Amino acid sequence: MSIGLLLITHQPLGGDLLRIASAILGNEPAATEALELINDRPCECMLREALDCVDRLDQGDGVLVLTDLYGATPANIALALHAQRRRVRVISGVNLPMLLRALNYAQLDLDSVAEKALEGGREGVIRCQEQGA
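Under our numbering, the residues of the sequence shown are numbered 2 to 134, in order.
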């Protein structure tokens, strides 16, 4: 088995990240979904959708939730999920390297995948400059 992976982001970031990751990996990862939030919807409706996503994605090993911006509605919904579902871990600040790392290690246990995702996210942020500059 492997963990489920849910991206809760502002629209259209989550779906775009999943499409790019699928193109890079050459396949569409199983047990992944993107829930893209629109700010004019009530939080209760968005939380219900997120709970439904987690219930679909959790195959027994839990779900890693990646959000885009800590303190924003997607992260707040994710934290509410964490409070209601024991096997949910939440990481904010999703980027493509973080997502790729999570997908590549999805067969590990939930906490290990969360750590791998954090490492990938941090290692994927690099200050680029010309050599010798």
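The C-beta atom is built at its ideal place from N, Cα and C for all residues, glycine as well. Small disclaimer: the values here were computed from a predicted structure and weren't measured.
- When C-alpha distances from Arg42 are compared across Leu101, Gln12, Asp59, Gln85, the shortest belongs to Gln12.
- Ranked by how close their Cα comes to the Cα of Ala115, the residues Arg102, Ile127, Gly72 have Arg102 in first place.
- Proximity to Gly15 across Ala22, Glu37, Leu65 peaks at Glu37, based on C-alpha coordinates.
- Taking C-beta separations shorter than 6 Å and ignoring five residues to either side along the sequence, the partners of Tyr106 in its chain run Val114, Lys117, following chain order.
- In this structure Asp69 is buried. Its beta-carbon is surrounded by 16 or more other beta-carbon atoms within 10 angstroms.
- Annotated three-state conformation of Ser93 is strand, per DSSP.
- Burial is judged here by how many other beta carbons sit within 10 angstroms of a residue's own beta carbon; Leu58 has at least 16 and is buried.
- The Cβ atoms of Gly5 and Gln85 lie no closer than 8 Å to each other.
- Pairing Met47 with Glu131, the inter-Cα distance amounts to about 45 Å.
- Assignment of Ile25 by DSSP, reduced to helix, strand and coil, places it in the helix class.
- Boundaries of the alpha helix (DSSP H) around Leu119: 111 to 124.
- For Leu7, DSSP records a beta bridge to Glu34, Val66.
- Around the CB of Ile25, fewer than 16 other CB atoms lie within 10 Å, so the residue is classed as exposed.
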